Structure formats: C-alpha cells, structure tokens
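There are 6 protein chains.
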Amino acid sequence: MNQTIYFEDYELNSVRETHGRTITEADFVIHAGHSGDFFPHHLDAEFARSTPFGQRIAHGTMTFTIGIGLTAGAINPVAFTYGYDRLRFPKPVFIGDTIHTRITISNKEPDPKRANMGRVTEKVEVLNQKGECVLACDHVLLVQRRAG
Amino acid sequence: MNQTIYFEDYELNSVRETHGRTITEADFVIHAGHSGDFFPHHLDAEFARSTPFGQRIAHGTMTFTIGIGLTAGAINPVAFTYGYDRLRFPKPVFIGDTIHTRITISNKEPDPKRANMGRVTEKVEVLNQKGECVLACDHVLLVQRRAG
Amino acid sequence: MNQTIYFEDYELNSVRETHGRTITEADFVIHAGHSGDFFPHHLDAEFARSTPFGQRIAHGTMTFTIGIGLTAGAINPVAFTYGYDRLRFPKPVFIGDTIHTRITISNKEPDPKRANMGRVTEKVEVLNQKGECVLACDHVLLVQRRAG
Amino acid sequence: MNQTIYFEDYELNSVRETHGRTITEADFVIHAGHSGDFFPHHLDAEFARSTPFGQRIAHGTMTFTIGIGLTAGAINPVAFTYGYDRLRFPKPVFIGDTIHTRITISNKEPDPKRANMGRVTEKVEVLNQKGECVLACDHVLLVQRRAG
Amino acid sequence: MNQTIYFEDYELNSVRETHGRTITEADFVIHAGHSGDFFPHHLDAEFARSTPFGQRIAHGTMTFTIGIGLTAGAINPVAFTYGYDRLRFPKPVFIGDTIHTRITISNKEPDPKRANMGRVTEKVEVLNQKGECVLACDHVLLVQRRAG
Amino acid sequence: MNQTIYFEDYELNSVRETHGRTITEADFVIHAGHSGDFFPHHLDAEFARSTPFGQRIAHGTMTFTIGIGLTAGAINPVAFTYGYDRLRFPKPVFIGDTIHTRITISNKEPDPKRANMGRVTEKVEVLNQKGECVLACDHVLLVQRRAG
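Residue numbers (my numbering), protein chains in the order written: chain A, 1 to 148; chain B, 1001 to 1148; chain C, 2001 to 2148; chain D, 3001 to 3148; chain E, 4001 to 4148; chain F, 5001 to 5148.
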C-alpha cells in the first residue's frame, strides 16, 4: 500500500479514477453529528421540500471529506498536502447519489522555497452517477525530487 | 436561529469567534470511518511515533469539517457558499487539542454576474489552545443585496 | 452564542420554536448502539409489523435526547438545569418523521433555598410534522437573579 | 429474553441492579453528535477547566439514555412505559466514571382509567463507581393485570 | 443477567433463538467505517446493480458481528470462547433483511488439556426473514465442570 | 484498486503485511454499539480490573472485523470468500494496542465442485505491537483459473 512516486515521475495530464460510494441518509446524519452542523438544509426533509432543490442536500464539508477520502488508496511517502485551491460545489449531492473522484495531474512546477521538492497540482473532480461534477478543487502537493 | 444579514450589512474587518471543541481520539476514529481514510499517520500510534510529529495527526478534512462546523450557529437565509480558496494547514492538530474558529470579514465586492448579489469573503482561521493557526482559508459567500 | 438572561428577564408565556430534524432509520440504529437498547420494537421491522403501530417506533430516550438537543442553541451562562418533570410520550415517533421543539415559559417562582436564584419552568413540547405532540415535559431551570 | 410479569407479580421494594458501563470520552463525542448539543461544558476541555467541576461533564440526556438503556435486558410484553417523573441529576458524570442502574419497585396502584391495568413505579437510580447517585427518577409503567 | 451453566448442564440438541434485527443501510455504512472496508460490493449501489446480486451485500464480518452480538444476552461466567470453526455465508444479506440467530448445542466433549473443563459446541445459524441461513459456524466454548 | 490475480498466480508461502491500526477506547464503544454486545468484559473498567486481564478486552468480533478489514486494499475481481476456518484468539487485544495483519498463502488446491476454480487458503495472523498473535484463522478463497 506504499507507492513511492517522485516529482519527476508524476505525468502531466495522467488521470486516475476511484471506486464509487453511494451517499446515504446515514452519511448525512453521521456528518451532521461529526461536524456539529444540523442546518435544516441537510437534515430536515420538510423544510428541504420548500427549497429550490426540493430535498435535503449534502454538507459541502461532507462531499469534500468523502470525495478526498476516496482517493486514500496507496500512500506516497514522498508527497505531502500543501493545500487546496478553488474549492467549488457546482451541483448538490442528494441522498442516494453515487459519487467517485477523478484526479488529473494538471500542473508541475518547482517549489519556490525548497530546491529538493516540486509542486504537483491534482485537479480533483467529484462526479455523481450522471457524470455531473459536484465538487472541484485543486489539490497542491509538495513532492520530493529524486536525489542527486 | 435565523438571522438575515444582507450584503450591505456585512461590516468589513468585523470579527466573530466560536466556542471551542476538544478534538478527541474518538473524532480521529469517527473521521477515518466517515472518510474511508485509514492512513497510519492518523490512526497508527506506533507508526506515528516514527514521524517528525511523533504522534498521530488529524486528517485535514476533519479539521476543515469541524472548524467550519463550529461556525454553523445562526442561519443567514440570504447567504450561500460560493466556495473556499487557499485552504492551508499551517500546523497539525493532535489528539487533545482544543480548537475554535475566528471569522473575519475580509472583503466585499459586487458579484460580477448577479446584480442583486454581492460577494463577501470570510477569512477563516481555526486556532488551537495555544493560539496557533491550524487551518486557514477564505470562505466566499454570495449574499443578497437589499431590495431596491 | 452566549446570551445572558436573568430570572427577571424570562417572560411568562413567551414561546420559542426550534428548527426541525427528520428522524431517520440511521438515528434509530445510532441510538440503539449508544443506549444499548436493541429491543425489537425499535430495530426489528418484521416484529414491528405485528404490533399495534405496524412499524418500528423510536426509543423514548432518543426523542428526549434529540428533542432537548434541538434547543441547544444559545448558552445562558446564568441558568442551570434543575430537572425534568412529567416526561410523557403521547404519540410514537416513526422513521421519517420530522420533529421540532416548542418551549413555553410556563412558570416562575422564587427558589425556596437560594435567595439569589429563581426557578423557571419551560414547558417542552416536541411536535411532529403533523403538529402532534410526541413528547411533553417540564424543564425546570435554576436562574440567577440580577444582582442587588 | 421475553419475561412476562403481570401487575400482581411486581413485588414492592424488590430491587435489581444492572451491569456497569464505563462512560468514555467517545460516549461524550457520540452523544454530542447524536443530540446536536455541542455546548463547551461537554466538549471543550479548556473551557471546562474554568468551571466549578474543572472538567467536561456528561450531557444529562446521555446519563438518562445510558442509565435507562442498561435496564433493557428482558422484555416484559405486558408492560408499557407511561412516563418518567422527577428526573434529577444530583451529581455530574465525568469521563471515565463507571455507572450502573438500580431499580426498586416503589409503588403499585390501580390505573385510574383502565380496569385491566395497574401502575407500577420503578425508582431508578444511576450510581457511579463511588456509589454516588448521578441520576434519579421515577419510571411509571402501565402493566396488565392477570386475566379474570 | 448472569446465568451460571456448568458443562454438565448443557443439554445436547437444545435450541435457543434470539430476537431479530433489521439490517439497515446505516449498518452497512457504520460497518464500512468501523472495518475500513469500503469495497463497492457493500457501498456502491451503482456498481452493485451490475453484480449477480443486483444490489449491495453486507460485509461477512458484519453478519458475523451482528449475528453473534444478538446472542449476547445473559453472561455465563464459567464459559469462555475457544474459537469458531467452519464459518460460512451461504446466502447474502441485503439492506432491509431481518436476521436472528439460532443456537443449537451440537456437541459436548472433555477438554483434552484441562480436566476441570469441557468443550461445548454451539451450532450457530443466522437466519433471515425467509428462514434462509445467511451465516453458519460452530462456536466452541470451554466450560467449567461442576467441582468435585 | 482492482488487481486481478488468477488461481495460478497465487504463490505458495508468499506473505503480505498491512498497515497498522491502533485500537482505541472509541473502537470498543463503537463495536459494542454496532454488535449490541455490552458485556462488562469489554465496557466496564471497574469490573475488568477484577478479571485475570485486569482491564477491558476487545470483542473477538471486533478483532476479526478490523483485522480482516485491514486487508481490504486492492480488489481481486476473480476471487470470492468461501469461508473462514479455525478462528482463534490466542491473546487479548487491549485499548491502545496497535494491530496489523499478515497474510500467508498457505494452501492451493483444485475446487472439488468447480473445474474452472481453485481454492486458495490465506493464513491470517493479526499481530499486536509486540509481535504477538491476537487472532489466527484460515481464510478460504475460491479463485478463478485462467481461461483455457
């Protein structure tokens, strides 16, 4: 489950896709309980009927948590999360939707401060069962360069 | 628990701070189970001893989930999340740390596409019990303008 | 989220209502696991079909936990729970019901033992989406009087 | 696990005691997530240090949930909960306390409305590892009388 | 809840059956989160539609956990689990199935190493609402003999 | 995350080891709530002090669930669980232990009923941080043979 990939080995425009996961009403309840956010948009089916979506919608923090969690397969011991940019939620996630994550290597550049490292940008897209994008962001990694 | 605040009413540089929450080993376990990320950095105390931090560190997605969740007090029915920018994790969160969130209104501008709305940026800082910032990001909101 | 209300400031017959929350099958499962009560009335759909209700019904302790939890918005630092009286469950809660809580200030009286405090009674009613009362009780608070 | 006990068979002053259960930090976190009550008295160790108790205290609704849950062993198919009276929390429950429940049959009387039933009162005491009472209430049951 | 049964008192071919429990989508989610097994056979409704079962199936470890858990009523302080043999899953468990467990005392024999103990085999069958066996195994117990 | 391995490709005596996971008090609580087994051996620290182990011990079903769960990395689409044999718990698991799983291919044989399949036995050993075996069993798989 460890897979070392150095900066030089990331291939621009390469793509990987994860398995899917159906987002259940139980996930909504668990995420409310974990985050402490019990807003009726997420948990009150009666209220939600009166909104433009007509039903409960997932917390953005849950789509992020599960969407990123789906990518946690192999560990790259020479890569570290620097941060996330431009996190957006173009479509809502509903109870019963099945999401998976597509990662595209969208950028590589030297790290301005660390000569032995580079920055790799993963374009993250979380997609539902219709292929619609429900979350997009850029995941910026710091990755070691090969020695010497 | 509903508190309507229009675009015009957001005051630049105003600050609010939430209550605190102690991040427990249980939260680590629950977040792993919710996200599906069981990486040993978060869940294996033996492995973690060998890392620079010397102990298990929180998932970034958990710090985000709980840090944002702490702000979910009153609902502003005329505000909507547009997205999050420049999400960074300057310091790790350890088991037993107590975090709270500070929100500063850091920017206001017209929405380029919607005349009846404006964009409000909340600078989000999640702070631990030592006052160190463990998560920073910009939360961009779309907020209705007062009618007429 | 802190809101100081002294004994003198509680207004008899004033009413507040909380947001709603849909009680899900997941809540039934979580409550069984938390309480240790796995009685088939709550968890066995086949058995429940043979009961007068025809379906699984919520644990009374869950309706109490969530009904009271819904009221945990602002903290009054000068009020303390003394206890609960006449806790009743006039109607069952089913999977999919949406409940919210109505609080009415129903009594105020001096505290017999503490000159600097008074007793405030909140009549608690947990209501379902049809407006039926599924839990009623009196929540008795000890509240500080204004100094002097 | 079914044990039929008719009204006539409840023996006044008889006592039963349950097994014990250690209340963990995980239970605090799970109860907050289930109830939606994230007040710092229960979840913020830093804040709790400044209170008279010096540490986090359990939600009253959790002590009730687990204290009553401990009694859910055998099912009496001819008994039904009527309600709970005089629910009090004489002492706080701290993380690491071990509680169990003692039930004493404290009253029996005819049901005023139903000739075929009687009312049985169980005095409920939840006790910690020092033998201190942390929750007391009267659990009122409606119990069928033997036919004929 | 304690019920002492010595080796001599186990009656060959005697049978006991537990209450039932409906296996919910929430149980699937909780078990994935507890075990760390997020395989799409259990959690991805879209993928599952393409399998021979046509829907998500329970983790074998969950059927084992809940099937055995259902038998945890009375404690026999003189019996200890030695192990489980021939654990099989003849049929899948689907969301919404209601299972219960049937225990048959299928074998008794002296313990080869401990003169004061015997081995008791419980044939464990977990059955769904149609009476189909979804899990079978032999639970081997070490049980004290009566003194003298 | 899919990795097809045919019967012919399993190499006798080959070994793989998983990452580790620290078993927390939270896991004990979650497993009790999931299984419905609240026996004091697992959840009552006071009682456990009086046992030979001197502390709470993990449910066998939890060690099985997590020990097997740790192996759920890549999916082999041509392999299916047939069952588990000789499941034993040579040592207890305590709160704070860190376990990982070692899988050894210990047997390969033709399937007696299915010409296109073979049986592969994985010897499963769950080991704690001292290298002690806390669970052992044989996991029997049915695996497709290469076509032709």
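For glycine and all other residues, C-beta sits at the position ideal for the given N, C-alpha and C.
Only a predicted model underlies this, so the values are computations on that prediction, with no experimental measurement involved.
Show which residues of chain A have a CB atom less than 7 angstroms away from the CB atom of D4044 (chain E).
Mapped onto the fifth sequence, residue 4044 (chain E) falls at position 44. Result: H19, G20, R21, T22 and T98.
Please list, in chain order, the chain F residues whose beta carbon lies closer than 9 angstroms to that of G73 (chain A).
Taking the first residue of the first sequence as position 1, residue 73 (chain A) is located at position 73. Here the neighbours are M5001, G5073 and A5074.
Quick check: the segment 3120-3133 of chain D against the segment 3047-3056 of chain D, are there 3 or more CB pairs under 8 angstroms?
no
Between M4062 (chain E) and G3067 (chain D), what straight-line distance do the alpha-carbon atoms span, to the nearest angstrom?
Numbered from 1 along the fifth sequence, position 62 holds the residue referred to as residue 4062 (chain E). Numbered from 1 along the fourth sequence, position 67 holds the residue referred to as residue 3067 (chain D). Looking at the two C-alpha atoms, the distance is approximately 27 angstroms.
Within chain A, the residues that Y1010 (chain B) reaches when beta carbons sit closer than 7 angstroms
Here residue 1010 (chain B) corresponds to residue number 10 of the second sequence, with the count starting at 1. Those within 7 angstroms of Y1010 (chain B) in chain A number zero; the least Cβ separation is about 19 angstroms.
Helix, strand or coil for H4053 (chain E), going by three-state DSSP, please let me know.
Your numbering for residue 4053 (chain E) matches position 53 in the fifth sequence. The sequence shown places Phe at residue 4053 (chain E), rather than the His named in the question. DSSP places F4053 (chain E) in coil when its eight states are reduced to three.
Among residues of its own chain, excluding the 5 on either side of H1100 (chain B), which ones have a beta-carbon nearer than 8 angstroms to its beta-carbon?
Within the second sequence, residue 1100 (chain B) is the residue found at index 100, counting from 1. Result list for H1100 (chain B): E1017, T1018, H1019, G1020, R1021, L1070, V1126 and L1127, in chain order.
State yes or no: is the beta carbon of F5038 (chain F) nearer than 7 angstroms to at least one beta carbon in chain C?
Locating residue 5038 (chain F) in the sixth sequence gives position 38, where the first residue counts as 1. F5038 (chain F) counts as touching chain C.
Restricting to runs no shorter than 3 residues, where is the beta strand (DSSP E) found entirely within the segment 1005-1071 of chain B?
1015-1017
Assuming I3105 (chain D) contacts L3043 (chain D) under a Cβ cut-off of 8 angstroms, what Cβ separation, rounded to an integer in Å, is found between them?
Locating residue 3105 (chain D) in the fourth sequence gives position 105, where the first residue counts as 1. Locating residue 3043 (chain D) in the fourth sequence gives position 43, where the first residue counts as 1. With 8 angstroms as the limit, I3105 (chain D) and L3043 (chain D) do not qualify as a contact, their Cβ atoms being about 37 angstroms apart.
CA-to-CA distance, D1037 (chain B) to K4108 (chain E), given in whole angstroms:
Reading the fifth sequence from its first residue, position 108 is the one you call residue 4108 (chain E). Reading the second sequence from its first residue, position 37 is the one you call residue 1037 (chain B). Their backbone Cα atoms lie some 45 angstroms apart in a straight line.
From B:F1089, B:Y1084 and B:P1092, residue whose alpha carbon lies closest to that of F149 (chain A):
No answer is possible for residue 149 (chain A): the residues shown for chain A start at 1 and end at 148.
Endpoints, the beta strand (DSSP E) within which M117 (chain A) is located:
The sequence position of residue 117 (chain A) within the first sequence is 117, counting from 1. M117 to L127 is the span of the beta strand (DSSP E), which, as asked, contains M117 (chain A).
Same chain, Cβ closer than 8 angstroms to S5050 (chain F), neighbours up to 5 away in sequence not counted:
Counting from 1 along the sixth sequence, the entry for residue 5050 (chain F) is found at position 50. If we look at S5050 (chain F) and ignore the five residues flanking it on each side, it has no Cβ neighbours.
If we call anything under 7 angstroms between Cβ atoms a contact, is E1046 (chain B) one with I1095 (chain B)?
For the purposes of this step, residue 1046 (chain B) is taken as the residue at position 46 of the second sequence. For the purposes of this step, residue 1095 (chain B) is taken as the residue at position 95 of the second sequence. In this structure, I1095 (chain B) does not lie closer than 7 angstroms to E1046 (chain B) by Cβ.
Would you kindly work out how many angstroms separate the C-alpha atoms of Y1010 (chain B) and L2087 (chain C), rounded to a whole number?
The count along the second sequence starts at 1 and reaches residue 1010 (chain B) at position 10. The count along the third sequence starts at 1 and reaches residue 2087 (chain C) at position 87. Cα to Cα, the separation comes out at about 43 angstroms.
Closer than 7 angstroms to chain D by CB, A5058 (chain F):
Position 58 of the sixth sequence, counted from the first residue, corresponds to residue 5058 (chain F). So, not an interface residue.
By the three-class DSSP mapping on this structure, what secondary structure does Q5003 (chain F) have?
As a working mapping, residue 5003 (chain F) is identified with position 3 in the sixth sequence. Reduced to three states, the DSSP call for Q5003 (chain F) is coil.
Candidates C:V2140, C:P2112, C:F2064 and C:A2074: closest to T2004 (chain C) by CA position:
Within the third sequence, residue 2004 (chain C) is the residue found at index 4, counting from 1. Nearest of C:V2140, C:P2112, C:F2064 and C:A2074 to T2004 (chain C), Cα basis: C:A2074.
Enumerate in chain order the residues of its own chain whose CB-to-CB distance from Q2129 (chain C) is below 7 angstroms, with the five nearest sequence positions on each side excluded.
Working through the third sequence from its first residue, we reach residue 2129 (chain C) at position 129. Taken in chain order, the residues that qualify are D2097 and T2098.
For A4072 (chain E) and L3141 (chain D), what's the separation of their Cα atoms in angstroms?
Here residue 4072 (chain E) is taken as the residue at index 72 of the fifth sequence, counted from 1. Here residue 3141 (chain D) is taken as the residue at index 141 of the fourth sequence, counted from 1. One C-alpha to the other measures close to 26 angstroms.
If the cut is a Cβ gap below 7 angstroms, which residues of chain B does H4034 (chain E) touch?
For this step, residue 4034 (chain E) is matched to residue 34 along the fifth sequence. Neighbours of H4034 (chain E) on chain B, chain order: G1033.
Of all the options C:I2023, C:A2115 and C:P2092, which has the alpha carbon lying nearest to the alpha carbon of A2048 (chain C)?
Position 48 of the third sequence, counting from 1, holds the residue named residue 2048 (chain C). It is C:P2092.
If you follow the beta strand (DSSP E) that G5083 (chain F) is in, where does it begin and where does it stop?
Start at 1 with the first residue of the sixth sequence, and residue 5083 (chain F) comes out as number 83. Unbroken beta strand (DSSP E) run through G5083 (chain F): A5079 to R5088.
Could you name the residues of chain B that V3140 (chain D) contacts, counting a contact when the two beta carbons are closer than 7 angstroms?
Numbered from its first residue, the fourth sequence carries residue 3140 (chain D) at position 140. Simply none; closest approach about 34 angstroms.
Option in D:H3139, D:R3102 and D:N3116 with minimal Cα separation from E3132 (chain D):
Counted from its first residue, the fourth sequence places residue 3132 (chain D) at position 132. Out of D:H3139, D:R3102 and D:N3116, D:R3102 has the C-alpha closest to the C-alpha of E3132 (chain D).
To the nearest whole angstrom, what separates the beta carbons of F2007 (chain C) and R2145 (chain C), a pair I think is in contact under 8 angstroms?
Sequence index remark: in the third sequence, residue 2007 (chain C) carries index 7 (1-based). Sequence index remark: in the third sequence, residue 2145 (chain C) carries index 145 (1-based). Between R2145 (chain C) and F2007 (chain C) the Cβ distance is about 5 angstroms, and since that is below 8 angstroms, they are a contact.
CA-CA distance, H139 (chain A) and A79 (chain A)?
Locating residue 139 (chain A) in the first sequence gives position 139, counting from the first residue. Locating residue 79 (chain A) in the first sequence gives position 79, counting from the first residue. So the two alpha carbons sit approximately 12 angstroms from each other.
Please compile the residues from chain D whose C-beta is within a distance smaller than 8 angstroms of the C-beta of N2005 (chain C).
On the third sequence, position 5 is the one that residue 2005 (chain C) refers to. The sequence shown places Ile at residue 2005 (chain C), not Asn. Under the 8 angstroms cutoff, chain D gives no residues; its nearest Cβ is about 16 angstroms from I2005 (chain C).
Element boundaries [beta strand (DSSP E), containing T112 (chain A)]:
As a position in the first sequence, residue 112 (chain A) is number 112, starting the count at 1. One detail in the question is off: residue 112 (chain A) reads as Pro in this sequence, not Thr. Segment: none, P112 (chain A) is in no beta strand (DSSP E) and carries neither H nor E.
Name, in chain order, the residues that DSSP records as bridge partners for R5102 (chain F).
Position 102 of the sixth sequence, counting from 1, holds the residue named residue 5102 (chain F). Beta-bridge pairing links R5102 (chain F) to F:E5017 and F:E5125.
Residues in its own chain within less than 8 angstroms of A4032 (chain E) by CB, not counting five upstream and five downstream?
In the fifth sequence, counting from the first residue as 1, residue 4032 (chain E) sits at position 32. For A4032 (chain E), where only same-chain residues beyond five positions count, the Cβ hits under 8 angstroms are F4038, H4042, L4043 and H4059.
First and last residue of the uninterrupted beta strand (DSSP E) at V3143 (chain D):
Counting from one through the fourth sequence, the residue named residue 3143 (chain D) turns up at place 143. C3133 to Q3144 is the span of the beta strand (DSSP E), which, as asked, contains V3143 (chain D).
CB T3065 (chain D) to CB T2065 (chain C), shorter than 7 angstroms?
Mapped onto the fourth sequence, residue 3065 (chain D) falls at position 65. Mapped onto the third sequence, residue 2065 (chain C) falls at position 65. Going by C-beta atoms, T3065 (chain D) is nearer than 7 angstroms to T2065 (chain C).
On the DSSP bridge assignment, give the partners of I3095 (chain D) in chain order.
Reading the fourth sequence from its first residue, position 95 is the one you call residue 3095 (chain D). Note: I3095 (chain D) sits in no beta bridge, so no partner.
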